[in-house]
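Asks: Protein sequences appear in the order of chains U and B.
In short: position in the first sequence from 1, add 2, done, that's our numbering.
In short: position in the second sequence from 1, add 2, done, that's our numbering.
There are 2 protein chains.
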Amino acid sequence: MALYVLAADLGGTNLRMAVVASDGQILHRERCPTPRNGDAGNIVSAIVELVNRCRQAVGPETFIAGLAAPLIMNLSVGKVGISPNLPMLDGFPLQREVEQAIGVTTILENDATAAAIGESWLGASRGVQNSICVTLGTGVGGGLILNGTPYRGSDGTAGEIGHMVVEPEGHSCGCGSRGCLEQYASATAIVRMANELALGGKSVLSGQTDFSASQVYDAAIGGDTVAINVYKIMGYYLGMALSSLVNVLDPDVIVLAGGLAGGWDAFIHSTREQIEKRAFRVPADRVKLVRAELGDDAGLLGVARVAFSSIVQGQLGV
Amino acid sequence: MALYVLAADLGGTNLRMAVVASDGQILHRERCPTPRNGDAGNIVSAIVELVNRCRQAVGPETFIAGLAAPLIMNLSVGKVGISPNLPMLDGFPLQREVEQAIGVTTILENDATAAAIGESWLGASRGVQNSICVTLGTGVGGGLILNGTPYRGSDGTAGEIGHMVVEPEGHSCGCGSRGCLEQYASATAIVRMANELALGGKSVLSGQTDFSASQVYDAAIGGDTVAINVYKIMGYYLGMALSSLVNVLDPDVIVLAGGLAGGWDAFIHSTREQIEKRAFRVPADRVKLVRAELGDDAGLLGVARVAFSSIVQGQLGV
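And the structure:
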């Protein structure tokens, strides 16, 4: 029997699952809305339901499971430390509970780290030793591949690039700090800044009460000065944080992933300009700033890769 | 015959050398002023002179050599990329030239990375997997130990913590950027900020034209409000950069080294306060902020360790 990974990506909106083969091929997919009400048990139940559907579809093969989720890990206690977007998971022993419920060995991985691993395995950063994957979505996440392996830090919390300080006394952040990158380079930030700058009435967005980062992008492409400036500000702060990372980590590749990376044309010039102005010449000349290639599958494939690697390393004793 | 490392630390002021045994014991020391005039050949000659004195003192043992220097490495071309404090070394093939001149295999290492390795081997960060060593001196340097090994990045330039951006449009920096940590947390910055703040005439430093960071520290300990504020500002920006690093790298230990770390009492409260306010709870609770233990020997011992390790790894074929 073949060995497959039941790879799940638990997002703030959707829970997605795929049956992944050891070469990265996806054999089957399932999805459902992420249960956002009630306790963590509802999330476990939703995972069990998708696992059952996947098993029915693929047949009696051998499985292990991998789960990518928006968690701040706490490896030392085997629990989710905190999960800002899914607070019912705070302090919950997710890995153990899922493992017991589905009856197969389960790997838990931070979603941004999983995306970095996926892009490093089969996507935009394949073949290099040192890469950084920055996920620009509702929030800003990050994952690090250093010396060819995922770098998770001592608790498993490493890679929180969205919470680097870029403006000392800037906008307050949900994490408790101020001026975090996430407050300037997330979809949420794009909408907030557009609302602030459109107040003057000189934008197509002025007077609108409910618009998305994607609509701000459309306005920018259409020549709206306010929208153009919003994306420039985003690119400026993103470039500042990335120049710090270039100086500290000297990576080969920085991958920009997540929905907001779709606004590439509107911010990338400002981002590159900051890196060129600020980072040291040698690492700035080396680093390639590229768009992710795996889209929504990066996390699924990344956590599948971790699950397969854990077998190779004998950690699971399969 | 025993195998020893001729370990050299090439500073902006002094060239120091030690004969180091594989357990870190220092058998003999030499030093001379760093030749700051003329071309790079003068530096090579000074190294040769100290090597000869060491060999005479220790006798006919087997040696390899290690050289720690304030360089931005460029591993891809085997040359020193740039050396802001010793510009005659820019683009100079230092490792090859020293090796040919002294006739033994020579390892070249960035001085801040060497200090991080030394502290990790025998000093304040021994026994942990992930540590950051920040050198607070004339400038601000840094070295990273990640997953138990030195992390140098793809060109060898990693660890330039002094050139993380902490103030977007702040004081201009010699590196070409603005608002780098080095502009707020180096001895040079302490003196500049004290000069700026003492202009109002309300400090014991007011009217003085030539004072050191150490004198600003003495004034702060003596209760001088301006001097106290200078060290608070330094601690604030240092804490901001370290909180970004705690979020990105989740280290066990951050070691503060270099002469300015002697001002510990005057800045550490502000630094800790920023980390507590800004960094995520799990990694902030884990990380220990400590003073270096090896003083000026950190770089010598670190580069000796690299030289010994290279033999173990068979890279030198000794």
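Ideal Cβ placement from N, Cα and C applies to all residues, glycine included.
What are the residues in the region 248-279 of chain B lying within 7 Å of chain U by C-beta distance?
Replies: Within the region 248-279 of chain B, the residues whose Cβ lies closer than 7 Å to some Cβ of chain U are Asn249, Val250, Leu251, Asp252, Pro253, Asp254, Lys279, listed in chain order.
Asks: When we look at the beta-carbon of Asp267 (chain U) and count the other beta-carbons within 10 Å, is it buried (16 or more) or exposed?
Replies: With fewer than 16 Cβ atoms within 10 Å of its Cβ, Asp267 (chain U) is classed as exposed.
Asks: I'd like to know whether the C-beta of Asp226 (chain U) is nearer than 7 Å to at least one C-beta of chain B.
Replies: With 7 Å as the cut-off, Asp226 (chain U) does not count as an interface residue toward chain B.
Asks: Taking C-beta to C-beta, are Val22 (chain B) and Ala294 (chain B) nearer than 7 Å?
Replies: Contact flag unset, no.
Asks: Does the Cβ of His165 (chain U) have 16 or more other Cβ atoms within 10 Å, making it buried, or fewer, making it exposed?
Replies: Buried.
Asks: Just tell me which of B:Thr64, B:Gly93, B:Asp298, B:Asp254 has its CA closest to the CA of Ala262 (chain B).
Replies: The residue you asked about is not Ala; residue 262 (chain B) is Leu in the sequence shown. Nearest of B:Thr64, B:Gly93, B:Asp298, B:Asp254 to Leu262 (chain B), Cα basis: B:Asp298.
Asks: Can you find at least 3 beta carbon pairs, one from the region 146-162 of chain U and one from the region 113-123 of chain U, that sit closer than 8 Å?
Replies: The region 146-162 of chain U vs the region 113-123 of chain U: in contact.
Asks: Report yes if the C-beta distance between Tyr153 (chain U) and Glu63 (chain U) is below 7 Å; otherwise report no.
Replies: No. Outside cutoff.
Asks: Can you tell me whether DSSP reads Thr36 (chain B) as helix, strand or coil?
Replies: Here Thr36 (chain B) sits in coil by DSSP.
Asks: Note down, in chain order, all residues in the region 142-168 of chain U with a beta-carbon under 8 Å from any beta-carbon belonging to chain C.
Replies: Among the chains of the structure shown, chain C does not appear; the protein chains present are U and B.
Asks: How is Lys290 (chain B) classed by DSSP in three states: helix, strand or coil?
Replies: Strand, per DSSP.
Asks: Using DSSP with H/G/I as helix, E/B as strand and the rest coil, what is Arg31 (chain B)?
Replies: Of the three classes helix, strand and coil, the one that applies to Arg31 (chain B) here is strand, per DSSP.
Asks: Give the interface partners of Cys177 (chain U) over in chain B, defined as CB-CB distance under 7 Å, in chain order.
Replies: Neighbours of Cys177 (chain U) on chain B, chain order: Phe282.
Asks: Quick one: Cα of Tyr239 (chain B) to Cα of Glu171 (chain B), how far?
Replies: Their Cα atoms are separated by approximately 14 Å.
Asks: Three or more beta-carbon pairs under 8 Å between the region 229-238 of chain U and the region 183-195 of chain U, yes or no?
Replies: The answer is yes - the region 183-195 of chain U touches the region 229-238 of chain U, with three or more Cβ pairs under 8 Å.
Asks: How would you write the range of the beta strand (DSSP E) that Leu5 (chain B) sits in, first residue to last?
Replies: Counting along the chain, the beta strand (DSSP E) containing Leu5 (chain B) begins and ends at 5-12.
Asks: Would you grab the beta carbon distance between Leu12 (chain U) and Ala42 (chain U) for me? Rounded to a whole angstrom, and I think it's under 8 Å.
Replies: With a Cβ gap of about 11 Å, Leu12 (chain U) and Ala42 (chain U) do not count as contacting.
Asks: Can the beta-carbon of Ala286 (chain U) be found closer than 7 Å to that of Val168 (chain U)?
Replies: Cβ atoms of Ala286 (chain U) and Val168 (chain U): not closer than 7 Å.
Asks: Is Met236 (chain B) close to chain U, meaning its C-beta is less than 7 Å from at least one C-beta of that chain?
Replies: So, not an interface residue.
Asks: Give me the chain B residues within the contact set of Ile223 (chain U), using Cβ-Cβ distance strictly less than 8 Å, ordered along the chain.
Replies: Near Ile223 (chain U) there are no residues of chain B at all, since even the closest Cβ is about 26 Å away, more than 8 Å.
Asks: Taking Cβ-Cβ distances shorter than 9 Å, what residues in chain U pair up with Ile74 (chain B)?
Replies: Those within 9 Å of Ile74 (chain B) in chain U are Phe282, Arg283, Val284, Pro285.
Asks: Sorted by chain position, which residues of the same chain lie with C-beta nearer than 6 Å to Asp252 (chain U)'s C-beta, five sequence neighbours on each side aside?
Replies: Cβ within range, chain order: Pro285.
Asks: Counting C-beta neighbours from all protein chains within 10 Å, is the total for Val308 (chain U) 16 or more, i.e. buried, or is it exposed?
Replies: Its Cβ being crowded by 16 or more others within 10 Å, Val308 (chain U) is buried.
Asks: Using the Cβ count rule (16 or more neighbours within 10 Å means buried), how would you classify Asn54 (chain U)?
Replies: Under this definition Asn54 (chain U) is an exposed residue.
Asks: Quick one: which chain U residues come within Cβ less than 7 Å of Pro95 (chain B)?
Replies: Per Cβ cutoff of 7 Å: no residues; Pro95 (chain B) is ~15 Å from chain U at best.
Asks: Note down, in chain order, each residue of its chain lying with its Cβ closer than 8 Å to the Cβ of Ala222 (chain U), except the 5 sequence neighbours on either side.
Replies: Excluding residues within five positions, the ones whose Cβ falls inside 8 Å are Ala229, Ile230, Val232, Tyr233, Gly265, Ala268.
Asks: Opposite Tyr153 (chain B) in the DSSP bridges: which residues?
Replies: Paired residue(s): B:Leu146.
Asks: Can you find a CB in chain B that lies within less than 7 Å of the CB of Arg288 (chain U)?
Replies: Yes, because at least one Cβ of chain B sits closer than 7 Å to the Cβ of Arg288 (chain U).
Asks: Say whether chain B places a C-beta atom closer than 7 Å to the C-beta of Asn231 (chain U).
Replies: No, its Cβ sits nowhere closer than 7 Å to a Cβ of chain B.
Asks: May I have a chain-ordered list of the alpha helix (DSSP H) segments no shorter than 4 residues that lie completely inside the region 176-213 of chain B?
Replies: Entirely contained in the region 176-213 of chain B, the alpha helix (DSSP H) runs reaching 4 residues are, in chain order, 184-187, 189-200.
Asks: Taking C-alpha atoms, which residue in U:Gly301, U:Gln131, U:Arg38, U:Asp25 lies nearest to Lys290 (chain U)?
Replies: The option with the nearest alpha carbon to Lys290 (chain U) is U:Gln131.
Asks: Can you list, in chain order, the residues of its chain with a C-beta nearer than 6 Å to that of Glu51 (chain U)? Leave out the 5 residues immediately preceding and following it.
Replies: Around Glu51 (chain U): no qualifying Cβ.
Asks: Mind listing which residues of the region 122-138 of chain U have their C-beta closer than 7 Å to chain B's C-betas, in chain order?
Replies: For the region 122-138 of chain U, which is checked against every Cβ of chain B, the residues closer than 7 Å are Gln131, Asn132.
Asks: Whole angstroms are fine: how far does the CA of Ser245 (chain U) sit from the CA of Ser179 (chain U)?
Replies: Roughly 21 Å between the two C-alpha positions.
Asks: Which of the three DSSP states is assigned to Asn16 (chain B) in this structure?
Replies: It is a strand residue.
Asks: What is the rounded straight-line gap between the Cα of Ala114 (chain U) and the Cα of Met3 (chain U)?
Replies: Going by the C-alpha atoms only, they are around 31 Å apart.
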